[in-house]
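Data block below; observations after.
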Amino acid sequence: MEKIIINGGHILRGEVTISGAKNAAVAIIPAVMLSDGICRIENIPCISDVNAIIRILYDLGASIKVIDKSTVEIDPSHINSFVLPSSMTSGMRASSYFIGAMLGRFKKARVAPPGGCDFGVRPIDQHIKGFEALGAKVIIDNGMVDARAETLTGSSIFLDKVSVGATVNIMLAAVKATGLTIIENSAKEPHIVDLANFLNSMGANIMGAGTDVIKIRGVKTLHGTTYSIIPDQIEAGTYMIAAVATKGEVLVKNVIPKHLESITAKLIETGALIEEFDDSIMIRSNPNRPKSCSVLTMPHPSFPTDMQPQMTTLLAIADGVSTVTEGVWDNRFRYVDQLTLMGAKIKVDGRFAVVTGVEMLSSAPVHASDLRAGAAMIIAGLVANGTTEVDNIEYIDRGYEDIVEKLGALGADIKRVRTADSNLRKAAL
Ligand code: EPU
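Residue numbers for the sequence shown follow my numbering, beginning at 29 and rising by one.
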C-alpha cells in the first residue's frame, strides 16, 4: 500500500501536459474487438483503469504490442471468447463495454456485472433496453449478464436517462447490426464523440455524436486503423482548479479548450483569469480569495460531475457561501467528511451541499473515497497548512497519470511513500 504526502502552501507555477482521456480510452480499447485488422491507438493514458482494460483484451486472446508509454497496437483477430468472469473485470465500470463489443462481434456476451467507484446505485437498465431493442435476449444468469441475439437489427432507442455508458454500449452493439439504429437522448460527452470518430475511422457509419440524436447505419465489417485519443478534460480541469486554489499560474497543455468551457466559465466566476489558445489554456489566479458561486453538475455540456469534488474543495476556501448541487449521482458527497477533518465547513443534504468558505484548511490524515474524491484530497493538501497524508491512493491511480510527478514539476511539495504496513508485509515475504 502507498500513500501520498503533501506539504501544503506551495504555489503552483509552470506548465503541465495533459494525458489522453480515461473515459475515451476505456470505451475505445474494447471497441477494437469489432475490428478485422490491427488498431494502433495513440495518446493512451498510463493509468490503472486503462491498463486493466488492455489486460482484459490480452486475456481474451488479443495480441498487444506496446510501442511506447502511450501507444499500443492491438490485433484482436484471435479473440474467440465471449465470456468475462468477475476475476477478469477488476471491479471496474468500463468492463460493461465488453457486453456491447462482444455482442457486436459474436452476437453473444457473458460478462460479470460492472463495479467502479461507489456513489450510489449504478444500474445498467438503459444498456439492456438498448441491447433488447436491437434484438438481443438479456438475462442475469448465475451472477452474469448474459446477452444473446440471432441477428442484431437497427432500431430506435430513446434513453430514459442520459447515460454515457448506455450510449457507448449501444453504439458498440449497433455498429455492425443490420440497418439503422437511432439513439435519442444520447450522452454528448467528448468521449462519446471520440468513440464515434474512432469507429468511423475503422469504416463505421455513425452520425450525430455530440448531439442528443446519434444515428448508426450498420456496416458488415470494420478494418484496422490508427487513432489518437483526445486529451482528458477532467484531468485538465483538476490541474486548473489546483492552480487557482494555490494562487498559482499554470499553462495546461494538450487540451481541447472547447471541452473545458463549463469549467473555465465557473473558474472565471470565482475570479480566475483564463486565456485560451489552440491546444492549451493559461490559468492565472486572482490574488484575492476565490469568490463563492453556485455549481450544478449535469451531463455535458454542463459542469461535469467528475469535477464536483475538486470544485467543492476550491469553494471550501472561497470568500462567502457557495452551493453545490449534484445532478448526476445519488451519493457523490461521501468525501465531504474528509474535507471537514481538514477544517472545511460543508453541510450536505442529499444531492445538495452548502459550502461556507474558510480562510485556510489544515492538514489531516485523509483518504480517497473514490477517484475524483482522491483528486479533491490532493488539492486540499496543496492548500492546507502543514502535512497532509492521503490514503487509498489506488483510486487516484485509476485516473491520473503521474499526478505526483506532474504536481511536483509545478512546484508542489508532494511525494508517494510506501506505508509501514506494506513495508512490514514486504519484510515478511
Ligand atoms: N443510469 C441509469 N441507468 C443506466 C445507466 C445509468 O439510471 O442504465 C443513471 C446512473 O445511475 C446515473 C446517470 O444515469 O445517475 C448517469 O450515469 P452514466 O451511465 O452516464 O455513468 P457511467 O457511464 O456509469 C460515466 C463515467 C463516470 C461519470 C459518468 C457521468 C466512464 C467509465 N465513467 O459513468 O466517470 O461520472 O459517466 O458523466 O465513462 C470518473 O471518471 O470518475 C467517473 C466516475
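C-beta atoms are modelled at their ideal positions from N, C-alpha and C, and glycine is treated no differently.
Predicted, not measured: the structure shown is a model, and the values here were computed from it.
Query: Could you check what DSSP says for Tyr255 in three-state terms: helix, strand or coil?; Result: strand
Query: If you draw a straight line from the alpha carbon of Arg150 to that of Glu297, how long is it in whole angstroms?; Result: 32 Å
Query: Within this structure, are the beta carbons of Val382 and Val432 separated by less than 8 Å?; Result: no
Query: Within 7 Å: the Cβ of Thr117 and any heavy atom of the ligand EPU?; Result: no
Query: State the CB to CB distance for the pair Val139 and Ile127, rounded to an integer number of angstroms; the pair is presumed to be in contact (CB under 8 Å).; Result: 5 Å
Query: Using C-beta distances below 7 Å, list every residue in its chain close to Leu223, excluding the 5 sequence neighbours before and after it, in chain order.; Result: Ala52, Ala55, Ile56, Ala59, Val196 and Met199
Query: By Cβ distance below 6 Å, which residues in the same chain neighbour Arg446 in space, the five residues on each side in sequence not counted?; Result: Glu30
Query: Tell me which residue opens and which closes the alpha helix (DSSP H) that Ala381 is part of.; Result: It is not in any alpha helix (DSSP H) - Ala381 instead sits in the beta strand (DSSP E) that spans Phe380 to Thr384.
Query: Keeping to the same chain, check which residues put their C-beta closer than 8 Å to that of Pro329; ignore five residues upstream and five downstream.; Result: Lys216, Glu289 and Ser290
Query: Less than 7 Å between the CB of Asn51 and some heavy atom of the ligand EPU, yes or no?; Result: yes
Query: For Arg245, which option in Val418, Thr206 and Asp87 has the closest C-alpha, if you only look at C-alpha atoms?; Result: Thr206
Query: Can you tell me whether Ala392 is helix, strand or coil according to DSSP?; Result: coil
Query: Take the Cβ of Tyr86 as the centre, count every other Cβ of all protein chains shown within 10 Å, and call the residue buried at 16 or more, exposed below.; Result: exposed
Query: Can you check the stretch 90-168 for any beta strand (DSSP E) of at least 3 residues that lies completely inside it and give the ranges in chain order?; Result: 91-96, 99-103 and 136-139
Query: State the beta-bridge partners of Ile210 as determined by DSSP.; Result: Ser184 and Lys243
Query: Using three-state DSSP, classify Ser76 as helix, strand or coil.; Result: helix
Query: Is it buried or exposed, Leu452, if we count other Cβ atoms within 10 angstroms and call 16 or more buried?; Result: Interpretation of Leu452 is limited by its pLDDT of 46, a score under 50 that renders its predicted location unreliable; no figure is taken from the coordinates.
Query: Should Lys189 be counted as a contact of the ligand EPU given a C-beta to heavy atom distance under 7 Å?; Result: yes
Query: In three-state terms, what does DSSP make of Ile309?; Result: strand
Query: Tell me where the alpha helix (DSSP H) around Lys294 begins and ends.; Result: Glu289 to Glu297
Query: For the putative contact between Asp77 and Ala90, defined by C-beta atoms under 8 Å, what is the C-beta separation to the nearest angstrom?; Result: Contact doesn't hold; Cβ gap of about 18 Å is too wide.
Query: Per DSSP, which residues does Lys443 bridge with? Please list them.; Result: Ile33
Query: Jot down the residue ranges of each uninterrupted alpha helix (DSSP H) in the stretch 330-369, minimum 4 residues, whole runs only, in chain order.; Result: 336-343 and 364-369
Query: Only counting the same chain, and skipping five residues up and downstream in sequence, which positions put a Cβ closer than 7 Å to that of Leu399?; Result: Cys145, Tyr423, Ile424, Arg426 and Gly427
Query: Whole angstroms are fine: how far does the CA of Val173 sit from the CA of Met130?; Result: 12 Å
Query: Tell me whether the stretch 407-416 and the stretch 336-347 touch, counting them as touching only if at least three CB pairs, one residue from each stretch, are closer than 8 Å.; Result: yes
Query: In this structure, does DSSP put Lys375 in helix, strand or coil?; Result: strand
Query: Compute the minimum distance between the beta carbon of Pro337 and the heavy atoms of the ligand EPU, and state whether it is under 7 Å.; Result: no
Query: Mind checking if Arg362 is an interface residue toward chain D, Cβ cutoff 8 Å exclusive?; Result: The structure shown contains no chain D; it holds only a single protein chain.
Query: Quick check: does the Cβ of His106 come within less than 7 Å of any heavy atom belonging to the ligand EPU?; Result: no
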